[in-house]
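Participant: Numbering (the numbering used here), first residue to last: 710 to 797.
(1) Inspect the beta-carbon positions of residue 785 and residue 777 and report whether they are closer than 8 Å.
(2) Is the stretch 761 to 772 touching the stretch 728 to 744, taking contact as three or more C-beta pairs under 8 Å?
(3) Return the first residue and the last residue of the beta strand (DSSP E) that residue 721 is part of.
(4) Which residue from 726, 727 and 752 puts its Cα closest to that of residue 735?
(5) Please report the distance separating the alpha-carbon of residue 769 from that of residue 759.
(6) To the nearest angstrom, how far is the alpha carbon of residue 717 from that of residue 732?
(7) Going along the chain, which unbroken runs of the alpha helix (DSSP H) with 4 or more residues stay wholly within the stretch 714 to 775?
What follows is the structure in structure tokens.
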């Protein structure tokens with residue numbers, strides 16, 4: 710959030726993967742503060758929806774099981790946490 714100057718009139722939001730990785734700031738400007746907040750909210754919803762669609766396309770939903778496959782000893786110890794975190 711900008712504290713002073715011309716930029717303090719902007720309604721901004723930040724998109725980052727994981728702190729402290731690089732991030733992108735986006736901002737909207739409008740004479741009416743309420744309209745600026747609404748436009749910023751639309752941008753946030755639009756971006757978050759797009760990220761959800763991309764995530765769903767890369768990690769499609771399917772039934773997950775941790776039960777070993779009969780006759781396949783290498784499946785006796787499975788780690789599913791990474792997939793479950795992204796699907797939660």
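Positions of the beta carbon are idealized from the N, C-alpha and C atoms, including for glycine.
Facilitator: Taking the coordinates as given:
(1) Along the chain shown, read from residue 1 onward, the residue named residue 785 stands at position 76. Along the chain shown, read from residue 1 onward, the residue named residue 777 stands at position 68. Closer than 8 Å, so yes.
(2) no
(3) If you number the chain shown from 1, residue 721 lands on position 12. Its beta strand (DSSP E) spans residues 720 to 725.
(4) The count along the chain shown starts at 1 and reaches residue 735 at position 26. Per the Cα distances, 752.
(5) For the purposes of this step, residue 769 is taken as residue 60 along the chain shown, with counting starting at 1. For the purposes of this step, residue 759 is taken as residue 50 along the chain shown, with counting starting at 1. Distance between the alpha carbons of residue 769 and residue 759: 15 Å.
(6) As a first step, residue 717 must be located in the chain shown, where it is residue number 8. As a first step, residue 732 must be located in the chain shown, where it is residue number 23. Those two C-alpha atoms are separated by around 19 Å.
(7) 742 to 767
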